[in-house]
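Going by the working numbering, the first residue of the sequence shown is number 24, and it counts up by one from there. Glycine included, C-beta positions come from ideal geometry on N, C-alpha and C. Only a predicted model underlies this, so the values are computations on that prediction, with no experimental measurement involved. Everything below concerns the one structure shown next.
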Amino acid sequence: MRQRPEILESMPQGSLKHDYFDPAAERARKLRIRKERNTVEFDFSLEGSTQQFINWQSSGDNTIYGLANLFFRHQYKRDKLSSDTRVEATYGMNYTDGILFKNKDEFKISWQLGWNMKGSWSYSASVNIRSQFSIGYESQDDHTLVSDFLAPGYFDVGGGFTYAPSAFPIKITLAPVSCNIVTVLNETLAAQGKYGVKAGQKVKGLPGYSADIFFDKAFGKSGWFRYRTSLYTFVPYIAPKDVTVRWENTIEFRISKYFSTKLYGQLYYRPEDFRPNPPELQYQYALMIGLKYTFRNK
Numbered sequence: 024m025r026q027r028p029e030i031l032e033s034m035p036q037g038s039l040k041h042d043y044f045d046p047a048a049e050r051a052r053k054l055r056i057r058k059e060r061n062t063v064e065f066d067f068s069l070e071g072s073t074q075q076f077i078n079w080q081s082s083g084d085n086t087i088y089g090l091a092n093l094f095f096r097h098q099y100k101r102d103k104l105s106s107d108t109r110v111e112a113t114y115g116m117n118y119t120d121g122i123l124f125k126n127k128d129e130f131k132i133s134w135q136l137g138w139n140m141k142g143s144w145s146y147s148a149s150v151n152i153r154s155q156f157s158i159g160y161e162s163q164d165d166h167t168l169v170s171d172f173l174a175p176g177y178f179d180v181g182g183g184f185t186y187a188p189s190a191f192p193i194k195i196t197l198a199p200v201s202c203n204i205v206t207v208l209n210e211t212l213a214a215q216g217k218y219g220v221k222a223g224q225k226v227k228g229l230p231g232y233s234a235d236i237f238f239d240k241a242f243g244k245s246g247w248f249r250y251r252t253s254l255y256t257f258v259p260y261i262a263p264k265d266v267t268v269r270w271e272n273t274i275e276f277r278i279s280k281y282f283s284t285k286l287y288g289q290l291y292y293r294p295e296d297f298r299p300n301p302p303e304l305q306y307q308y309a310l311m312i313g314l315k316y317t318f319r320n321k
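This is the structure we're talking about:
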């Protein structure tokens, strides 16, 4: 005899689990977090000019000038930890009446690690490196050696505090504990005692305190106008009069997506570069027009 099915008076206790892993959603989540924590910018530009004279009665030299500029910045922030890395490089060549001559050569690497203290203030440690890529001479006609790779080379190491408000693109770093290290790795220049390093030696280090200010902002709806400035000062403990001051300014106008006009100026003061002669203020400026490629992830 067939039994009638039992009728339950209440639903069984418990719950069903629906654990499901979506690889695409997880990749999207990680990509979103990575983009929030990382800010990347890459700029590369090429500028050039030419001047030719054919049957020209007045004086003039046939000249071709080329200049390459690179700017890279990576910023990382996670909770209280932050890092800021900047790489800048410039290399220019001048070709005049069959003579090729380097007239601009420099690279700079800046790295800073920070730990948020309170508000816009952080504890920070930084390393700055500055030098040139290749051999440099006094002038196109005077082949007196004046520089080489890491001759001079400047290494600035410091620890202190950084002020970087989130609402304004400025960063101010004060480092009461710093060290300025100068290298002259070229044998000829080292034997001459160039750049404040004693003759026969290749490295010199001085403890002191430093201050660094960096500002970078684009103006206008499409960022057609941009101003970037950097001011660095180092004062040795034992010789405050040998202060080093370096102030750079870059003003850029975006003509179109791939063309820009740039005005660059730099003031530099370092007494040890001129000894035993009296120190002088060094300065340079340039107006450049050329192609530019820019990548930003934000």
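S105 - partner residues in DSSP beta bridges: DSSP output for S105 lists K100, G137 as bridge partner(s).
Residue interval of the beta strand (DSSP E) (run including T284): 282-292 is the extent of the beta strand (DSSP E) around T284.
Among D235, L208, R153, N151, the one whose alpha carbon lies nearest that of Y186: Nearest option by C-alpha distance: D235.
Span separating the alpha-carbon of N209 from that of V266: Distance between the alpha carbons of N209 and V266: 25 Å.
From Q224, L212, G231, G219, residue whose alpha carbon lies closest to that of P199: Looking at the Cα atoms, G231 is the closest of the given residues.
Identity of the residues DSSP links to G176 by a beta bridge: Partner(s): T206.
Alpha-carbon to alpha-carbon, G159 and R60: If I take the Cα positions, the gap works out to 41 Å.
N-terminal and C-terminal residue of the beta strand (DSSP E) that P259 is part of: Element bounds for P259: 248-259.
The region 123-134 touching the region 146-155, judged by at least three CB pairs closer than 8 Å: Below 8 Å, enough C-beta pairs join the region 123-134 and the region 146-155 to call them touching: three or more.
One or two residues paired with F124 in a DSSP bridge: Bridge partners of F124: N117.
Selection from L290, M311, L314 that minimises the alpha carbon distance to E303: With distances taken between Cα atoms, E303 lies closest to L290.
Assigned exposure category for G223 - 16 Cβ within 10 Å defines buried: It counts as exposed.
Inter-residue Cα distance where the pair is Y250 and G216: So the two alpha carbons sit approximately 38 Å from each other.
Outcome for F242 when other beta-carbon atoms lying within 10 angstroms are tallied against a minimum of 16: The residue is exposed, with fewer than 16 neighbouring Cβ atoms inside 10 Å.
Nonlocal neighbours in the same chain, by C-beta distance under 7 Å from Q163, ignoring five residues either side: T119, I122, F124, listed in sequence order.
Between the CA atoms of K321 and K315 - distance to the nearest angstrom: In a straight line, the C-alpha of K315 is about 18 Å away from that of K321.
Cβ-Cβ separation, K127 to L90 (assumed contact under 8 Å), whole Å: Sure, about 6 Å apart at Cβ, within 8 Å.
Whole-angstrom distance between T284 and F248, CA atom to CA atom: Near 10 Å, if we compare the C-alpha coordinates of T284 and F248.
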